[in-house]
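2 protein chains.
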Amino acid sequence: MVAMDGATAREQALDAAEMLFYGRGVQSVGMDEVRAASGVSLKRLYQLFPAKELLVDAYLERRDLRWRGRLAEFVARREEPRERILAVFDWLAQWFAEPDFRGCAWVNAYGELGATSERVAERVRAHKRAFREYLGALVADAGLPGALTGPLFLLAEGAMVTAGIDGAAAPAAEAREAARLLLG
Amino acid sequence: MVAMDGATAREQALDAAEMLFYGRGVQSVGMDEVRAASGVSLKRLYQLFPAKELLVDAYLERRDLRWRGRLAEFVARREEPRERILAVFDWLAQWFAEPDFRGCAWVNAYGELGATSERVAERVRAHKRAFREYLGALVADAGLPGALTGPLFLLAEGAMVTAGIDGAAAPAAEAREAARLLLG
DNA sequence: CAACGTAGAGAACGGGCGTTCTCCCCGTCA
DNA sequence: TGACGGGGAGAACGCCCGTTCTCTACGTTG
Numbered sequence: 001m002v003a004m005d006g007a008t009a010r011e012q013a014l015d016a017a018e019m020l021f022y023g024r025g026v027q028s029v030g031m032d033e034v035r036a037a038s039g040v041s042l043k044r045l046y047q048l049f050p051a052k053e054l055l056v057d058a059y060l061e062r063r064d065l066r067w068r069g070r071l072a073e074f075v076a077r078r079e080e081p082r083e084r085i086l087a088v089f090d091w092l093a094q095w096f097a098e099p100d101f102r103g104c105a106w107v108n109a110y111g112e113l114g115a116t117s118e119r120v121a122e123r124v125r126a127h128k129r130a131f132r133e134y135l136g137a138l139v140a141d142a143g144l145p146g147a148l149t150g151p152l153f154l155l156a157e158g159a160m161v162t163a164g165i166d167g168a169a170a171p172a173a174e175a176r177e178a179a180r181l182l183l184g
Numbered sequence: 185m186v187a188m189d190g191a192t193a194r195e196q197a198l199d200a201a202e203m204l205f206y207g208r209g210v211q212s213v214g215m216d217e218v219r220a221a222s223g224v225s226l227k228r229l230y231q232l233f234p235a236k237e238l239l240v241d242a243y244l245e246r247r248d249l250r251w252r253g254r255l256a257e258f259v260a261r262r263e264e265p266r267e268r269i270l271a272v273f274d275w276l277a278q279w280f281a282e283p284d285f286r287g288c289a290w291v292n293a294y295g296e297l298g299a300t301s302e303r304v305a306e307r308v309r310a311h312k313r314a315f316r317e318y319l320g321a322l323v324a325d326a327g328l329p330g331a332l333t334g335p336l337f338l339l340a341e342g343a344m345v346t347a348g349i350d351g352a353a354a355p356a357a358e359a360r361e362a363a364r365l366l367l368g
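In order, the protein sequence lines correspond to chains W and U. As numbered in the numbering used here, residues 1 to 184 make up the first sequence, in order. As numbered in the numbering used here, residues 185 to 368 make up the second sequence, in order.
1. In three-state DSSP terms, what is R261 of chain U?
2. Can you tell me whether A156 of chain W sits near the ligand MN, meaning its C-beta is under 7 Å from at least one heavy atom of the ligand?
3. Decide if V2 of chain W is buried, meaning its Cβ has at least 16 other Cβ atoms within 10 Å, or exposed.
4. Over what stretch of residues does the alpha helix (DSSP H) that includes F131 of chain W continue unbroken?
5. Note down the Cα distance separating F131 of chain W from A51 of chain W, rounded to an integer number of angstroms.
6. Mapping DSSP to helix, strand and coil, what is S38 of chain W?
7. State the DSSP-derived secondary structure class of V29 of chain W, mapped to helix, strand or coil.
8. Just reading off the alpha helix (DSSP H) that L148 of chain W is part of, what are its end residues?
9. With a threshold of 16 other CB atoms inside 10 Å of the CB of K43 of chain W, please say whether the residue is buried or exposed.
10. Would you identify the three-state DSSP class for E61 of chain W, choosing helix, strand or coil?
11. Going by DSSP in three states, M185 of chain U sits in which element: helix, strand or coil?
12. Taking Cβ-Cβ distances shorter than 7 Å, what residues in chain U pair up with I165 of chain W?
13. Return helix, strand or coil for P355 of chain U, following the three-state DSSP convention.
14. I'd like the span of the alpha helix (DSSP H) that includes A109 of chain W, first residue to last.
15. Give me the chain U residues within the contact set of F28 of chain W, using Cβ-Cβ distance strictly less than 8 Å, ordered along the chain.
16. Check L229 of chain U in the structure and name its three-state DSSP category.
17. Identify the contact partners of P355 of chain U in chain W, using a Cβ-Cβ distance below 7 Å as the criterion.
18. According to DSSP, simplified to helix, strand and coil, what is G184 of chain W?
19. At a CB-CB cut-off below 7 Å, which residues of chain U make contact with E83 of chain W?
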């Protein structure tokens with residue numbers, strides 16, 4: 001294995017961890033498998049992430065930044081404030097249709113580890129809080145009542161969890177249509 | 185330990201499994217802990233459920249019957265068809281407020297085992313399918329368009345997952361209000 | 001009373017996995 | 001050139017856990 005600086009090793013470790021953890025669940029993937037998939041030795045892995053829990057935490061954190069970044073980028077392409085809200089559901093539809101879509105990474109992680117890892121539980125809550133706040137900002141920008149944020153958030157959450165379980169993209173369209181009705 | 189007939193042992197095993205699996209997650213509870221909490225010996229446990237996966241499956245199946253039974257019983261107390269639909273969200277609010285509420289057992293189980301156990305994944309899908317069909321029947325009885333079923337289902341799912349993660353009952357009220365608006 | 005079978009308690013087995021340790025290679029610098 | 005230090009490969013260590021096995025006690029039946 002060629003030399004690799006710390007930042008590169010960290011990214012490769014997180015790339016492998018994300019693919020494996022998201023695809024098969026955290027508990028069914030061992031650290032040795034992360035090593036094999038990333039090319040980062042166990043020694044280095046443990047220097048970068050002193051325990052598996054911290055690798056999981058870092059995976060969720062990096063994915064959160066990317067997930068919200070992509071969503072915001074997609075939404076920002078629309079001009080009209082109401083269209084922006086609906087664009088959230090268009091983006092979900094696109095995400096659900098990706099071949100390796102397996103539901104919401106944070107909901108899955110919460111189901112697996114929420115009861116045993118306070119660190120992971122808090123990371124999940126922070127992600128959901130940030131997503132809700134983002135929706136709230138879109139609602140405010142459209143001059144709509146703040147009370148709409150909750151329902152829109154619940155529709156999006158329901159769509160994510162349902163799409164994840166059924167492996168279908170249809171819930172995004174259902175949620176979008178319901179959102180359109182709620183926007184009046 | 186006094187003698188115990190098969191049916192009783194089965195119920196006690198499932199009682200213990202349900203409390204432990206739902207409260208702490210399936211993977212963090214060992215079979216020996218189920219034995220200790222139920223008073224059913226390991227030998228008997230494995231006669232009744234030849235593998236842990238089958239115990240998990242039976243736990244989800246029994247809980248599904250009870251969960252839907254209680255919901256239907258609560259809803260049936262209302263006369264007016266539209267009120268019945270809203271009663272679903274009242275029932276959720278009540279459920280969320282229970283002290284040991286920890287989110288949707290099926291969503292949690294799917295997050296933990298959906299990727300590794302096809303049996304559990306299918307059990308979860310069956311439960312969600314049954315819940316959606318139940319909502320569909322309520323919508324039909326109210327003479328409302330079937331297209332409302334999806335959004336109502338997504339609101340309920342979103343409320344369950346959000347209440348589970350945040351440990352708050354508020355999502356039920358938000359979902360109820362959104363449902364009221366959708367019913368027109 | 002004696003032989004038998006069932007069931008419980010808990011040890012044992014096998015495998016997996018998080019984490020650490022050992023050993024060796026190789027690049028660096030005096 | 002030779003000592004040194006960081007890093008990789010992978011063995012080793014402990015522990016946990018699903019599953020099976022052994023041993024013992026006791027109730028039943030002839």
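Ideal Cβ positions, reconstructed from N, Cα and C, are used throughout, including at glycine.
So, from the data block:
1. coil
2. No copy of the ligand MN occurs in the structure displayed, which carries no ligand at all.
3. Annotation note: pLDDT 47 at V2 of chain W (below 50); position unreliable, no value reported.
4. E118 to D141
5. 28 Å
6. helix
7. coil
8. Counting along the chain, L148 of chain W falls outside any alpha helix (DSSP H), and DSSP gives it neither H nor E.
9. exposed
10. helix
11. At M185 of chain U the pLDDT is 43, less than 50, meaning the model places this residue with poor confidence and gives no usable figure here.
12. Y294, V308, R309 and K312
13. helix
14. A105 to L113
15. Correcting the residue type first, residue 28 of chain W is Ser in the shown sequence and not Phe. Neighbours of S28 of chain W on chain U, chain order: A299 and T300.
16. helix
17. L154
18. coil
19. Chain U residues near E83 of chain W: none, gap ~20 Å exceeds 7 Å.
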